[in-house]
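Input: a single structure, listed below in structure tokens.
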Amino acid sequence: MGLELSRIAEHFRNEKGMTLIELILSAAILSLLFVASYTLLGSGMKIYRQSWEELSNLQNARYAINRLSIAIVQAKDVKVVSNSKIEIRLPDDSKVYYYLEYGTLYREKNGGKNPVAELSFIEFRQNPGSKVVKVALKAGKERSVTFQTSVTPFGALIGIQP
27 MGLELSRIAE
37 HFRNEKGMTL
47 IELILSAAIL
57 SLLFVASYTL
67 LGSGMKIYRQ
77 SWEELSNLQN
87 ARYAINRLSI
97 AIVQAKDVKV
107 VSNSKIEIRL
117 PDDSKVYYYL
127 EYGTLYREKN
137 GGKNPVAELS
147 FIEFRQNPGS
157 KVVKVALKAG
167 KERSVTFQTS
177 VTPFGALIGI
187 QP
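Numbering (this note's numbering), first residue to last: 27 to 188.
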């Protein structure tokens, strides 16, 4: 047993190490692996940021169109104040305003102002003599999402007079 261990020890004592060419090749291979992994990681982060932006835009647009549709359907009367502002009269005769200001859709009631969603564009349209309100909105800049809908206030359907 002792003779065998001394032979193994002798073998390791005679090792001289790696040559310069082996060191250069291993360093080159290692650098290629690092560059490839860094490039892959960078691409993954770029795709993640783009997906996150798209998801955020979609979520803002969906929430805004849903909130506006519900508010208009529950209204007693609706009046388009401007292309980007709408006045909604509720069944209790209180007024609620929705409008776009500096990229944010706001809901204003009784002097209180609350943000609803981040949008880049909104347009309210209502033909004269019609109760139907058309809403078009866009969320995002580069990777934008656009929604359009037409909504009729419930009060107009059951004949409540404003």
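All C-beta atoms, glycine included, are put in the ideal place defined by N, C-alpha and C.
Only a predicted model underlies this, so the values are computations on that prediction, with no experimental measurement involved.
Distances from the CA of residue 88 to each of 155, 156 and 170 were compared; the closest alpha carbon is that of 170. Residue 66 counts as exposed, since fewer than 16 other beta carbons sit within 10 angstroms of its beta carbon. The alpha carbon of residue 119 has as its nearest neighbour, out of 61, 127, 132 and 103, the alpha carbon of 103. The residues 90, 142, 143 and 145, in chain order, have a CB closer than 6 Å to that of residue 131 in the same chain once the five nearest residues on each side in sequence are set aside. DSSP places residue 115 in the uninterrupted beta strand (DSSP E) bounded by 111-115. A distance below 8 Å between beta-carbons, with the five flanking residues on each side excluded, links residue 99 to the following residues of its chain, in chain order: 177, 178, 179 and 180.
Taking 4 residues as the minimum length, the region 100-148 contains no alpha helix (DSSP H) run wholly inside it. The C-alpha of residue 151 lies about 37 Å from the C-alpha of residue 73. In the DSSP assignment, the residues bridged to residue 172 are 164. By the criterion of a C-beta distance shorter than 6 Å, residue 165 is surrounded in its chain by 83, 86, 87, 145 and 171, once the five residues flanking it on both sides are discounted. In this structure, DSSP gives residue 158 a state outside helix and strand, which the three-state scheme calls coil.
Rounded to whole angstroms, the separation of the alpha carbons of residue 79 and residue 101 is 33 Å. Taking a 10 Å sphere around the C-beta of residue 94, we find 16 or more other C-beta atoms and assign the residue as buried.
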